[in-house]
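K.L.:
Structure provided below as structure tokens; questions to follow.
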Amino acid sequence: MENLYDQTSYKKVIFAAMSKRNFFLREHIIRFILKQGFTPTCAFMMYSYFLLDTVERDALISANNALIERSDELWVFGDISDGVQEEIKLAKRLNQPIKYFSTCITPSCEFKEISEAEAVVENHC
-8 MENLYDQTSY KKVIFAAMSK RNFFLREHII RFILKQGFTP TCAFMMYSYF LLDTVERDAL
52 ISANNALIER SDELWVFGDI SDGVQEEIKL AKRLNQPIKY FSTCITPSCE FKEISEAEAV
112 VENHC
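Going by the numbering used here, the sequence shown opens with residue -8, and the numbers climb by one from there.
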């Protein structure tokens, strides 16, 4: 496995896209990306849970989009919410590679890559 602390080579930056319903998995997702040898970025790690609604949502969306624009790839974890769908649209406009992963709720499980066709749109109920 690649040395995760090696600063001599460029590491791709991966934007971790996830629904707020998967907020509780954010640390596991970041660890998964690091173990793959990449540099993760995740809005939920940087802005907690929408900064407890103390900042206008549009400002957070703008900052989130700036992170996606600076990332090399977008990885989607779990069901696709409306917000994640917008992140996917932006990544596609930027011609960024997009990967999809299933999620699980036990810390010992690993995320499994799935096809775009296997990705599930979140139920709004």
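Quick reminder that beta carbons are idealized off the backbone N, C-alpha and C, glycines included.
Checking the sheet assignment: what are the DSSP bridge partners for lysine 11?
P.N.:
The sequence position of residue 11 within the sequence shown is 20, counting from 1. None, per the DSSP bridge assignment.
K.L.:
If we ignore side chains and look at the alpha-carbon of each, how far apart do asparagine 56 and phenylalanine 68 end up?
P.N.:
Locating residue 56 in the sequence shown gives position 65, where the first residue counts as 1. Locating residue 68 in the sequence shown gives position 77, where the first residue counts as 1. Using only the alpha carbons, I get a separation of about 17 Å.
K.L.:
I'd like the list of long-range same chain contacts for threonine 30, defined as Cβ closer than 6 Å, with 5 residues on each side in sequence excluded.
P.N.:
Here the question's residue 30 lines up with position 39 in the sequence shown. Result list for threonine 30: Lys2, Val4, in chain order.
K.L.:
Determine the contact status of isoleucine 79 and tyrosine 91, defining contact as a CB-CB distance below 7 Å.
P.N.:
As a first step, residue 79 is located in the sequence shown; it is residue number 88 there, counting from the start. As a first step, residue 91 is located in the sequence shown; it is residue number 100 there, counting from the start. The answer is no: Cβ separation not under 7 Å.
K.L.:
Glutamine 87 to histidine 115, Cα distance in whole Å?
P.N.:
In the sequence shown, residue 87 corresponds to position 96, counting from 1. In the sequence shown, residue 115 corresponds to position 124, counting from 1. Between glutamine 87 and histidine 115, the C-alpha separation is close to 27 Å.
K.L.:
Within 10 Å of its beta-carbon, does alanine 8 have 16 or more other beta-carbons around it, so buried, or fewer, so exposed?
P.N.:
Here residue 8 corresponds to residue number 17 of the sequence shown, with the count starting at 1. Buried, by the Cβ-count rule.
K.L.:
Entirely within the region 48 to 101 and at least 3 residues each: give me those beta strand (DSSP E) ranges in chain order.
P.N.:
Taking only runs of at least 3 residues, the beta strand (DSSP E) segments lying wholly in the region 48 to 101 are 64 to 68, 89 to 93.
K.L.:
Taking the straight line between their C-alpha atoms, what separation do you get for methionine -8 and isoleucine 20?
P.N.:
Within the sequence shown, the letter at position 1 stands for residue -8. Within the sequence shown, the letter at position 29 stands for residue 20. Here the model assigns methionine -8 a pLDDT of 49, short of 50, so the residue's position is not dependable and the matter cannot be decided.
K.L.:
Can you grab the Cα-Cα spacing for the pair leucine 51 / methionine 37, in whole Å?
P.N.:
Along the sequence shown, read from residue 1 onward, the residue named residue 51 stands at position 60. Along the sequence shown, read from residue 1 onward, the residue named residue 37 stands at position 46. Cα to Cα, leucine 51 sits roughly 10 Å from methionine 37.
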